[in-house]
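Protein chains: 2
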Amino acid sequence: MTPETIGLLVHAQAGLGVLHRLTGVIAEHQGDILSVEILENSSHDARIYFEIALPSPVAELERDLRALAIVKSLEAVKSFQRIYGKRIIIIGGGAQVGQVAIGAISEADRHNIRGEHISVDTIPLVGEQSLADAVRAVARLPRAKALVLAGSLMGGEIEQAVREVRQSGLLVISLNMAGSVPDAADLVVTDPVRLKRRVF
Amino acid sequence: MTPETIGLLVHAQAGLGVLHRLTGVIAEHQGDILSVEILENSSHDARIYFEIALPSPVAELERDLRALAIVKSLEAVKSFQRIYGKRIIIIGGGAQVGQVAIGAISEADRHNIRGEHISVDTIPLVGEQSLADAVRAVARLPRAKALVLAGSLMGGEIEQAVREVRQSGLLVISLNMAGSVPDAADLVVTDPVRLKRRVF
């Protein structure tokens, strides 16, 4: 049986070790967990979302999860990958991020109309350390495929962060700007609305 | 000892049950897992990121995780919440999403300059079912605080999805448009760049 990718939303009682119990049952069914999100973790309720490549029948996994005393309910849903697809991340000064976003959203629109799924996610930030932290964290974001740095001056610690995330396989595009970040990027673009051909 | 929120990046050997083993150790240390991301899950490597409220010393948890044969390395990092903060999600037609994004990014910029962390995430999409799926999935996205629907006609299944996600506590704003979605939203705005005061 070829593994099927399923999305499961589990509503459970709150408490320590909930994730440990649930993943134990999934492992017993040879389920390979591709993605997990903790949606709610309050004093009384926990809601956890799993994407699982499952070689065994879904109904059996669902039955054994429901059998856990901590599980209140269970729902099969569509996966994030199917809905939001790959992510282009834009970070930098507000004005430049806005202009780059307009171009990227318009190009993503043309792809998505033909059935693709591309998201454009942004955060306007200033300050060398904040920007360096945000760049490094992109390597930990799920489904991130390219990072665009939009600003008028970036260097120092940000340049170092760019070199690090490129090593993890992320494509990094920089607007043409002052500072050493353009030297560290995979690609430098001049017109903020013109990056579409290289990113998509 | 008041729980401290820590970010941990774990590099482990690939295989079934990795998450189960790691979460077992975290539960032994009374760690409350607030967030988890599977960053890599290839045939030979797994990289998993945890955010944990930990009442016990971090060094002891790190020591016991490192003691697992499947763990290759471990790194303490800053949490997503501290870096990207809360998320405004914009969904709809490409042209409208772009215009709303410009306004939202500019306003997020003004907040972030003063030390806040607000992200603006978008996906241009068409089609009733695709849009309804995307709206429903926002309720499963981590750190999503508000959803903006930007288009010229939305109704039917999308309206139903809007009513569902509002029940989970999400703020839903709709551009003024044809169809029944504006009736279902928390708030309707007319000028796409003018939603800032109500969302931020």
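Heads up: the protein sequence lines correspond to chains A and B, in order. Note that the first sequence ends on residue 542 in this note's numbering; no numbers are left out. Note that the second sequence ends on residue 542 in this note's numbering; no numbers are left out. C-beta atoms are modelled at their ideal positions from N, C-alpha and C, and glycine is treated no differently.
Does DSSP put residue i in a helix, in a strand, or in coil?
{"i": "Ser534/A", "result": "Correcting the residue identity first, residue 534/A is Pro in this sequence and not Ser. If DSSP states are grouped into helix, strand and coil, Pro534/A belongs with the helices."}
{"i": "Gly434/B", "result": "strand"}
{"i": "Asp374/B", "result": "strand"}
{"i": "Leu381/A", "result": "strand"}
{"i": "Asp387/B", "result": "strand"}
{"i": "Leu358/A", "result": "coil"}
{"i": "Ala527/A", "result": "coil"}
{"i": "Ala409/B", "result": "coil"}
{"i": "Arg456/A", "result": "coil"}
{"i": "Leu483/A", "result": "coil"}
Along the chain, where does the beta strand (DSSP E) containing residue i start, and where does it finish?
{"i": "Leu416/B", "result": "413-419"}
{"i": "Val504/B", "result": "First-last for Val504/B: 499-509, but that is the alpha helix (DSSP H), not the beta strand (DSSP E)."}
{"i": "Ala462/A", "result": "The sequence as given places Val at residue 462/A; Ala does not occur at that position. Unbroken beta strand (DSSP E) run through Val462/A: 460-466."}
{"i": "Ile486/A", "result": "Note on identity: in this sequence residue 486/A is Ala, with Ile being the wrong assignment. Where Ala486/A is concerned, the enclosing beta strand (DSSP E) stretches over 486-492."}
In the DSSP assignment, the alpha helix (DSSP H) including residue i goes from what residue to what residue?
{"i": "His353/A", "result": "Careful: His353/A lies outside any alpha helix (DSSP H), inside the beta strand (DSSP E) at 346-355."}
{"i": "Phe422/B", "result": "422-426"}
{"i": "Ser516/A", "result": "Not the alpha helix (DSSP H): Ser516/A falls in the beta strand (DSSP E), residues 513-517."}
{"i": "Arg478/B", "result": "470-480"}
Compute the distance between the beta-carbons of residue i and residue j, then report whether it is under 8 Å.
{"i": "Ser494/A", "j": "Ala526/A", "result": "no"}
{"i": "Val378/B", "j": "Ile380/A", "result": "yes"}
{"i": "Gly427/B", "j": "His459/B", "result": "yes"}
{"i": "Leu467/B", "j": "Asn454/A", "result": "yes"}
{"i": "Ile394/A", "j": "Ile375/A", "result": "yes"}
{"i": "Leu491/A", "j": "Ser516/A", "result": "yes"}
{"i": "Leu361/B", "j": "Thr532/A", "result": "no"}
{"i": "Ile337/B", "j": "Gly440/A", "result": "The first residue shown for chain B is 343 and the last is 542, placing residue 337/B beyond what the model contains."}
{"i": "Leu512/A", "j": "Leu529/A", "result": "no"}
{"i": "Gly349/A", "j": "Ala418/A", "result": "yes"}
{"i": "Gln438/B", "j": "Arg485/B", "result": "no"}
{"i": "Ile465/A", "j": "Ser421/B", "result": "no"}
{"i": "Ile431/A", "j": "Val480/A", "result": "yes"}
{"i": "Ile444/B", "j": "Ile425/A", "result": "no"}
{"i": "Ala356/A", "j": "Asn383/A", "result": "yes"}
{"i": "Val477/A", "j": "Leu416/A", "result": "no"}
Strictly below 9 Å CB to CB, what residues from chain B border residue i?
{"i": "Phe422/A", "result": "Ala479, Arg482, Leu483"}
{"i": "Ile444/A", "result": "Gly440, Gln441, Ala443, Ile444"}
Just the chain D side, please: which residues come within less than 7 Å of residue i by C-beta, in chain order?
{"i": "Ser448/A", "result": "Considering every chain present, this structure includes no chain D. Its protein chains are A and B."}
Residue i versus chain B: which residues are under 7 Å apart at the beta carbon?
{"i": "Leu358/A", "result": "Ala369, Gln372, Asp374"}
{"i": "Ile425/A", "result": "Asp475, Ala476, Ala479"}
Give the interface partners of residue i over in chain A, defined as CB-CB distance under 9 Å, in chain order.
{"i": "Asp451/B", "result": "Gly435, Gly436, Ala437, Val439, Gly440, Pro466, Leu467, Val468"}
{"i": "Leu351/B", "result": "Arg482"}
task = Check each residue of the stretch 361-384 of chain B: if its Cβ is closer than 7 Å to any Cβ of chain A, include it; give the result in chain order.
result = Listed by position, the residues of the stretch 361-384 of chain B near chain A (Cβ gap below 7 Å) are Leu361, His362, Thr365, Gly366, Ala369, Gln372, Asp374, Ile375, Leu376, Ser377, Val378, Glu379, Ile380, Leu381, Asn383.
Counting only Cβ-Cβ distances shorter than 9 Å, please list the residues of the stretch 479-494 of chain B near chain A, keeping chain order. Considering only beta carbons, the part of the stretch 479-494 of chain B lying closer than 9 Å to chain A consists of Ala479, Ala481, Arg482, Leu483, Pro484, in chain order.
(Q) Counting only Cβ-Cβ distances shorter than 7 Å, please list the residues of the stretch 456-479 of chain A near chain B, keeping chain order. (A) Under the 7 Å Cβ criterion, the stretch 456-479 of chain A contributes Ser461, Val462, Asp463, Thr464, Ile465, Pro466, Leu467, Val468, Asp475, Ala476, Ala479.
Report task. Residues of the stretch 508-528 of chain A with a CB closer than 7 Å to any CB of chain B: list them in chain order, please. Result -> Listed by position, the residues of the stretch 508-528 of chain A near chain B (Cβ gap below 7 Å) amount to none.
Cβ-based contacts, 7 Å cut-off: residues of the stretch 395-407 of chain B near chain A | From the stretch 395-407 of chain B, no residue has a Cβ closer than 7 Å to chain A.
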